[in-house]
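Trainee:
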Amino acid sequence: MLGSAFVTLRVRDRFRAKLADGWGIVVVFLAIGATIMGVYVHVTPFDQRANDIGSHVGVIKAAEHRHGIPLDTDCWECVQPPAYYVVAAAVLAAAGHELPEKGMPDEKGERILQGLAVFLGVATLACWPMTARLALRTPHERTVASALCAFWPTLPIEACKCSNDPMLYLIAAAALWQLVRWRTTGSAASLAAAGALAGLAPHAKITGFVVVAVFLSSLGLALVRPRRDATRRWPRGASAGVAAIVASMVLWVFVLGHYKHWRTHVDFSSTGHAPIENKWSDFTVVHLKSFLENPWVRFDKSHVRDEFWNYLFRSSLYGEYSSGDATTRVLAYLLALTAAVLLPLVAWGFVACIVRGWRRDDRGHRELALTVLGFMGFMVVVRLQFPIASHQDFRFALPIVISCASMAAIAAGVVRRRLQRRWLHLATLPGWLVVGLCLVSLWITLGWS
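Numbering (the numbering used here), first residue to last: 31 to 479.
Structure, rendered in structure tokens:
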């Protein structure tokens, strides 16, 4: 009796310690986010919100036919890095299913490919609260960041797609988590794992080179500004991480040269992909009037598609889609308004991360800032180099959700502490703002399928 009671007490104490250490928050919001994604995919048809789904299915068919990496001449979009398509073909083969030679997948094929996307999406979401748990100090900050990650509508929208984007999201999220873990614990294994994951990212999508740049920038800054408790300038695990990236890049060059004949992107010049102009005003001016006219992203020949920040902000909330339902339209305005109120908190947190990152940072705030700078800089460069309206879609920068959520949480924590000193009744305002965004996001995400 006494022995069993002692064991029970020890288990309970360990469970409470895990909850206090932030793992309870991770588990709760991972369960919520996984449920949202599962319900959303269940009620959303396979081809309803997919980008170029026929082309992606074509690459998977080519991978099935080749039993490996497809050639660039096999299909229109076969120039894409092959990792996702080879994995998808392997999953289909393991399930004993083969896609039809012509047309879209049958019902079983759709379920398998959506199941793969949901698995990648849930795994991505798992990495985000674990990153917030390490980077943030208080339960309040961790809760705010985890809630924003779980309820932000873009990941569920992307988690039902047959596309190479979900694989990149997972690799980028895992690499950032390991980088932050290295900053907080000094673990050599985490740094080596971050390098290996960064090396894999370009094999999923060209955007993955941003993950490589974030890793190398983080390592370079660590040499200049090491951790407070660092005993050596060259971090343990750095050699293994760099070697993994070099090996991966050699493989990437071999695949690109041998199978793709140095073709790295799809040629949009002969398609109707809404070309746009590059003007300074599109990057420096926020056009409020166009938003008040219509809350949705409009993929047509209107002037809205030229406005970089407008397009990016709206697509971060509901993708490149719209609804004619009056209730959903009102919800879209509410969601955009609430997110816009959160933006100053994100900006405040971004500045805080920059300042803390330049110091001898041991919480990974430097890596959060580098992720935002890397992906946003990439989107600006792509917009300038390939001025196509769809290149402003937030799905290309979705890995910054965890960084922006953590930055908003840092600022919300500061606001809460300052208000508690003088106006206690106002201290919960940032939290209620996050609750409001989560509720509206949930309503619009599950209500417009």
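In this text, a Cβ means the ideal position worked out from N, Cα and C, and glycines have one as well.
When DSSP labels each residue in this structure, what does Pro305 get in the three-state scheme?
Mentor: Pro305 falls in the strand class under three-state DSSP.
Trainee: What separation, rounded to the nearest whole angstrom, lies between the Cα atoms of Thr294 and Arg446?
Mentor: Looking at the two C-alpha atoms, the distance is approximately 48 Å.
Trainee: Give the straight-line distance between the Cα atoms of Gly63 and Val242, rounded to the nearest whole angstrom.
Mentor: For Gly63 and Val242, the distance between alpha carbons rounds to 28 Å.
Trainee: Given Val402, which residues of its chain have a CB within under 6 Å of its CB, disregarding the five upstream and five downstream residues?
Mentor: Only Ile430, Ser433 meet the Cβ criterion.
Trainee: In its own chain, which residues sit with a C-beta less than 6 Å from the C-beta of Ile66, not counting the 5 before and 5 after it?
Mentor: Contacts found: Pro186.
Trainee: Measure from the alpha carbon of Val359 to the alpha carbon of each residue in Phe380, Trp326, Gly387, Asn340, then state which is nearest.
Mentor: Sequence check: residue 359 is Arg here, not Val. Arg359 has its Cα closest to that of Trp326, out of Phe380, Trp326, Gly387, Asn340.
Trainee: Give the secondary structure of Ile99 by DSSP, where H, G and I count as helix, E and B as strand, and everything else as coil.
Mentor: Of the three classes helix, strand and coil, the one that applies to Ile99 here is coil, per DSSP.
Trainee: Could you pull out every residue in the same chain whose Cβ sits closer than 8 Å to the Cβ of Leu476, ignoring the five residues on either side in sequence?
Mentor: Excluding positions up to five away in sequence, the list reads Ile66, Val69, Tyr70, Val73.
Trainee: Could you check where the alpha helix (DSSP H) with Asn340 kicks off and where it finishes?
Mentor: Run containing Asn340: 338 to 348, per the alpha helix (DSSP H) assignment.
Trainee: Check this for me: beta carbons of Ala427 and Gly379, under 8 Å apart or not?
Mentor: Result no, Cβ atoms of Ala427 and Gly379 do not sit closer than 8 Å.
Trainee: Quick one: any contact between the stretch 113 to 132 and the stretch 229 to 238, if contact means 3 or more CB pairs under 8 Å?
Mentor: Cβ pair count under 8 Å is three or more, so yes.
Trainee: In terms of alpha-carbon separation, which member of Ala362, Thr314, Cys105, Trp339 lies closest to Trp473?
Mentor: Nearest option by C-alpha distance: Ala362.
Trainee: Helix, strand or coil for Ser299 per DSSP?
Mentor: Reliability of the predicted coordinates at Ser299 is poor, the pLDDT of 49 falling under 50, and the value obtained from them is presented with this limitation in mind. Looking at Ser299 - three-state DSSP - the assignment turns out to be coil, as it is neither helix nor strand.
Trainee: Using the beta-carbon count (16 or more within 10 Å), is Tyr348 buried or exposed?
Mentor: Tyr348 should be labelled buried.
Trainee: Restricting to Cα atoms, I'd like to know which of Arg266, Val470, Val315 is closest to Leu364.
Mentor: Ranking Arg266, Val470, Val315 by Cα distance to Leu364 puts Val470 first.
Trainee: Excluding the five sequence neighbours on either side, which residues of its own chain have a C-beta within less than 8 Å of the C-beta of Cys105, listed in chain order?
Mentor: Excluding residues within five positions, the ones whose Cβ falls inside 8 Å are Ser85, Gly88, Val89, Lys91, Ala92.
Trainee: The alpha helix (DSSP H) spanning Leu365 covers which residue range?
Mentor: Its alpha helix (DSSP H) spans residues 356 to 388.
Trainee: For the putative contact between Lys191 and Ala147, defined by C-beta atoms under 8 Å, what is the C-beta separation to the nearest angstrom?
Mentor: That belief holds up - the Cβ atoms of Lys191 and Ala147 are roughly 6 Å apart, short of 8 Å.
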